[in-house]
Structure formats: structure tokens, C-alpha cells
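Residue numbers (my numbering): 133 to 289. Even for Gly, the Cβ is constructed at its ideal location relative to N, Cα and C.
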């Protein structure tokens with residue numbers, strides 16, 4: 133993902149951590165010549181990389197998410213834990229209340245998000261989420277299809 137983002141000359145905005153999948157994506161983007169921006173919250177596990185990157189220090193976690201939204205043209209959710217879901221739902225909710233009109237991509241590698249997608253469909257079916265609830269999403273199981281769809285949506289906006 134990091135390499136593909138760099139090859140498209142896009143800046144990778146991330147939450148500043150070095151661990152896990154996101155850390156690997158940041159390193160891959162850098163190695164491919166891409167720009168990265170780490171948005172750091174106090175008390176985070178932010179660790180400096182072995183290379184220079186742009187960084188913004190946020191006053192708190194909510195400000196961190198707001199800065200990431202402001203600095204991004206689109207959002208990609210990779211497999212992750214509760215922090216990933218918190219960011220996904222925050223970005224999704226802000227899209228639904230017209231705080232931004234940016235595409236949201238879900239990278240459903242190895243069917244990781246199948247149950248979440250089924251839950252969203254069920255919530256729509258039961259009337260808890262409007263029919264248009266998934267309109268801002270692009271869901272794909274590979275990076276190239278996801279990025280192609282996201283860029284198409286960005287052109288339409």
C-alpha cells in the first residue's frame with residue numbers, strides 16, 4: 133500500500149505509530165520515494181523513523197483525528213484493531229454529517245472486514261443506518277482496485 137501510494141505521488145498521512153501494518157506501510161512509502169506525514173497525539177506510541185518525515189503534534193487524540201481528516205484527500209482502513217475502527221467510524225460519521233466529502237476505502241484483505249460489512253448491511257436493513265450509509269465507501273480486497281476506485285471517486289468530487 134505504501135509503495136502504491138508513493139507511486140501515485142500522494143502523501144501518506146498516518147497516526148505517527150511505528151508498530152504493526154501502518155508502520156510497514158509508512159516505511160514502504162518512504163522507500164518508494166513518497167512523502168509521509170505523521171500526526172502525533174500525546175501519550176502515543178509514536179517513535180521516530182530512521183528517516184525524516186513531516187510531523188504535526190496534536191494536543192489530544194480528537195485533535196489528532198481532526199488534523200488527519202483535514203490533511204487527507206481520502207482515507208484507507210486496513211486490517212486493524214479498535215483504534216483503526218475508531219478512526220474509521222469517526223471519518224464515516226463526519227462524512228454522513230457533511231463535515232467532509234472524501235472517499236473512504238476499506239482494504240478487505242483476506243476477508244478481514246467481511247463481518248463488519250455484514251453488520252453495516254444488517255444495520256441498513258434494520259433501519260439503523262440510512263440506505264445511503266455505504267455510499268462513501270469503496271471496498272476492495274487488493275490495493276490496486278481500492279486505489280483505482282478511490283481516485284475515480286476523488287475525480288467525481
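Tell me residue 169's beta-bridge partners as DSSP assigns them. Your numbering for residue 169 matches position 37 in the chain shown. Answer by DSSP bridge pairing, in chain order: 145, 186.
Residue range of the alpha helix (DSSP H) that includes residue 265: Against the chain shown, residue 265 aligns to sequence position 133. Counting along the chain, residue 265 falls outside any alpha helix (DSSP H), and DSSP gives it neither H nor E.
Once DSSP output is grouped into helix, strand and coil, what is the label at residue 164? Locating residue 164 in the chain shown gives position 32, where the first residue counts as 1. Residue state, collapsed to three classes: coil.
CB contact flag (residue 235, residue 271, <8 Å): The count along the chain shown starts at 1 and reaches residue 235 at position 103. The count along the chain shown starts at 1 and reaches residue 271 at position 139. No, Cβ-Cβ distance for residue 235 and residue 271 is not below 8 Å.
Test item: CB-CB of residue 209 and residue 249 under 8 Å: Taking the first residue of the chain shown as 1, we reach residue 209 at position 77. Taking the first residue of the chain shown as 1, we reach residue 249 at position 117. Contact flag unset, no.
Backbone CA spacing between residue 285 and residue 205 [nearest angstrom]: The residue you call residue 285 lines up with position 153 of the chain shown. The residue you call residue 205 lines up with position 73 of the chain shown. Straight-line Cα distance between these residues: approximately 11 Å.
CB-CB under 8 Å to residue 188, same chain, minus the five flanking residues each way: which ones, in chain order? Translated into positions along the chain shown, residue 188 becomes position 56. Contacts found: 169, 170, 171, 172, 199, 203.
Across which residues does DSSP place residue 209 in a beta bridge pair? Sequence index remark: in the chain shown, residue 209 carries index 77 (1-based). Looking at the DSSP assignment, residue 209 forms a beta bridge with 238.
To the nearest angstrom, how far is it from the Cα of residue 162 to the Cα of residue 252? Against the chain shown, residue 162 aligns to sequence position 30. Against the chain shown, residue 252 aligns to sequence position 120. As the crow flies, the alpha-carbon of residue 162 is around 34 Å from that of residue 252.
Skipping 5 residues on each side, what residues in its chain have a beta carbon closer than 7 Å to that of residue 139? In the chain shown, counting from the first residue as 1, residue 139 sits at position 7. 164.
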